[in-house]
Structure formats: C-alpha cells, structure tokens
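Report on the following structure.
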Amino acid sequence: MLRFMSSRFKTALAFVAVVSASAITVSTSPASALPTFQPMKNVNSSLCLAIPNSSTADGVAAVQWDCNGNADQQWQKYYYYANEEFSIVSGNNIHECLAIEGSIGTQGANAVQEPCDDTYSQRWEVDSANRIWNESSQMCLAVRNASTTHGVNVIQWKCEDPATHPEQRWTWNS
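Shown next as structure tokens:
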C-alpha cells in the first residue's frame with residue numbers, strides 16, 4: 531500500500547509517527563513538569579534567591595541578590611510527593627534542584643544547586659509563615675546572619691519565631 535502513496539504523504543505520515551512516539555515518552559525527573567518559574571524573595575532583605583554568575587555547575591552555593599528577573603533567580607516548586615513536600619527546581623538549569631550541601635543536618639550548611647535526584651536534602655515544605663524548611667534536616671532556609679547585603683549565602687538554620695526572624699521567610703513572586 532505504501533508503494534501507491536505520494537512521497538509528500540509518506541513524509542507527513544513519518545512525521546506524525548515520530549511526533550506521536552515522542553508524545554508518549556514519560557520522564558520521572560522534576561524537569562518533566564510544566565514550568566512555572568518565579569523568583570523567591572527573602573522577606574527580611576527583599577533580595578532574591580540566586581545562583582551566582584548564572585552558574586550551571588553542581589554544588590554552587592545559593593546567595594541572595596538584587597532581583598533582576600534573570601533565569602538564575604527563577605525557581606519552581608515541583609510537587610511529586612504524596613504530601614506537601616516539593617523540590618525547588620532551578621530556572622537556570624532545570625536538571626538542578628536546591629539542596630543542602632552534603633545532605634547534612636549541620637546548622638549553617640549552605641543551600642546549593644545539585645542534580646535533581648529525589649534525595650531528602652532536596653525535599654522542602656513551606657509553612658503558614660512562609661518559612662521553607664528542609665525535610666532531611668528539619669531546618670529552615672535562611673539568609674546568613676539576617677544580612678540584607680547582596681551576595682550573602684543562603685543557609686539552613688534552626689527554625690525560629692517568624693515574627694522575630696524574617697530572614698527565614700520567603701515569598702514566591704511572579
């Protein structure tokens with residue numbers, strides 16, 4: 531039957547087959563979500579969570595920086611757990627997630643970008659005060675020493691009273 535079809539029709543048929551096959555490909559990585567990337571702004575400093583110099587390298591520490599709309603300041607909550615846990619995916623490199631350096635529970639450990647791999651150090655939850663806390667360490671994402679200066683590292687710290695510790699509070703802005 532293909533022998534009697536025009537070459538233009540055969541080409542179109544092949545294109546439809548390729549598109550159909552690619553449409554059923556399934557991915558389990560956070561990058562498979564439809565992206566809704568937004569800046570995360572610290573309530574205390576009004577500066578945005580960023581990856582310095584738009585780096586795509588693994589292990590780069592997150593900092594706070596003047597909000598400028600760059601991709602390195604765009605983040606997505608990716609819910610793929612049964613409860614309210616989510617990963618925070620980088621808009622600068624959709625294969626990188628916000629994690630705690632070395633997956634450790636040490637107070638003051640840096641928040642870094644790492645390849646998304648579903649480890650507990652990459653699982654986060656947000657509470658009613660807009661504190662984002664790490665599932666592994668049970669500590670909050672905070673700006674070191676409550677600084678309002680750009681370039682200061684973002685770390686994990688014991689969750690404190692949100693009224694007196696606004697450096698642990700974040701907003702998602704569009």
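Numbering (the numbering used here), first residue to last: 531 to 704. Even for Gly, the Cβ is constructed at its ideal location relative to N, Cα and C. In this text, all values refer to a predicted model and were calculated from it rather than measured experimentally.
Separation of the CB atoms of glutamate 665 and glycine 589 is rounded to 20 Å, and the pair is thereby denied contact status at 8 Å. For arginine 674, the three-state secondary structure derived from DSSP is helix. Listed as beta-bridge partners of phenylalanine 616 by DSSP are Trp654.
Going by C-alpha positions, leucine 577 is about 10 Å away from tryptophan 700. Beta bridge pairing from DSSP links alanine 592 with no other residue. Here the C-alpha atom of glutamine 606 lies approximately 21 Å from the C-alpha atom of glycine 681.
The shortest C-alpha to C-alpha distance from alanine 629 to any of Gln668, Cys689, Thr566, Ser658 is the one to Gln668.
Between isoleucine 662 and asparagine 613, the alpha-carbon positions lie close to 15 Å from each other.
The criterion of a C-beta distance shorter than 8 Å is not satisfied by serine 658 and serine 633.
In its chain, beyond the 5 residues on either side, Ile685 have a beta carbon closer than 6 Å to the beta carbon of glycine 638.
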